[in-house]
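If you read the sequence shown in our numbering, its first letter stands for residue 1032, the second for the next number, and so on.
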Amino acid sequence: MRQLRIRRATTDDARLLFRWANDPAVREAAFNSDPIEWDDHLSWLEGKLRSEESVILILEMDAVPVGQIRFDREASSDVWTIDYSVDREFRGMSLGKEIVSQGVEYLVRQMGKVRFSAEVKKSNVPSIKVFEFNGFVLESVQSHSVRFARTDGENSF
Ligand SMILES: CC(C)(COP(=O)(O)OP(=O)(O)OC[C@H]1O[C@@H](n2cnc3c(N)ncnc32)[C@H](O)[C@@H]1OP(=O)(O)O)[C@@H](O)C(=O)NCCC(=O)NCCS
């Protein structure tokens, strides 16, 4: 049985997050596909880790980090946008489904009532499946992307 654990990211994860951020499939899935520079990454990460408007979590399988999920709160709202990825060596093992499921659960435990929003390229079939599997509903359709949403916590029904 694999052991899965989700935990907060720290500055010790800077190199790992940098490697994942520059993975070709991750740049391809992103809306800004430019490669990321180390110095920019480090100051960006330090800002995110300090901010109460962002939460970065790492999923570990048998104590090995296998993916990251980041929630960023939209300005003055209870909507958190989602960015996530799974290490290329560990794709196709349901860890995408798992990291969104555990990440959402973590955030609801911390924040109470929350809404989630995620924009996904139409070409990103695995990610569309991940959000559908996790009970997200299609909120809107743009020319090259779709937006998924989900509401959790108090008064969500
Ligand atoms: C999207 C991503 C996180 C999915 O992670 P994953 O661990 O491979 O996903 P899962 O194993 O949970 O699979 C989810 C579904 O996609 C399918 N899938 C996985 N890889 C696939 C591929 N290369 N082609 C087609 N379908 C694929 C799985 O079979 C599964 O479908 P099912 O529900 O019908 O069984 C991973 O591909 C990734 O990191 N991509 C780059 C970053 C990215 O796209 N992030 C999301 C931005 S919105």
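Where is the CB? At the ideal position from N, CA and C, for every residue including glycine.
Given the structure, does residue i come close to ligand 1, in the sense that its CB is under 7 Å from one of the ligand's heavy atoms?
{"i": "leucine 1126", "result": "yes"}
{"i": "glycine 1134", "result": "no"}
{"i": "lysine 1160", "result": "yes"}
{"i": "arginine 1050", "result": "no"}
{"i": "alanine 1060", "result": "yes"}
{"i": "arginine 1033", "result": "no"}
Is residue i buried or exposed, if buried means 16 or more other CB atoms sit within 10 Å of its CB?
{"i": "phenylalanine 1062", "result": "exposed"}
With H, G and I counted as helix, E and B as strand and the rest as coil, what does DSSP make of residue i?
{"i": "aspartate 1109", "result": "coil"}
{"i": "aspartate 1114", "result": "strand"}
{"i": "phenylalanine 1062", "result": "coil"}
{"i": "arginine 1033", "result": "coil"}
{"i": "arginine 1178", "result": "strand"}
{"i": "lysine 1160", "result": "helix"}
Do you know offhand how far residue i's Cα is from residue j's?
{"i": "aspartate 1103", "j": "tryptophan 1111", "result": "5 Å"}
{"i": "glycine 1134", "j": "isoleucine 1113", "result": "10 Å"}
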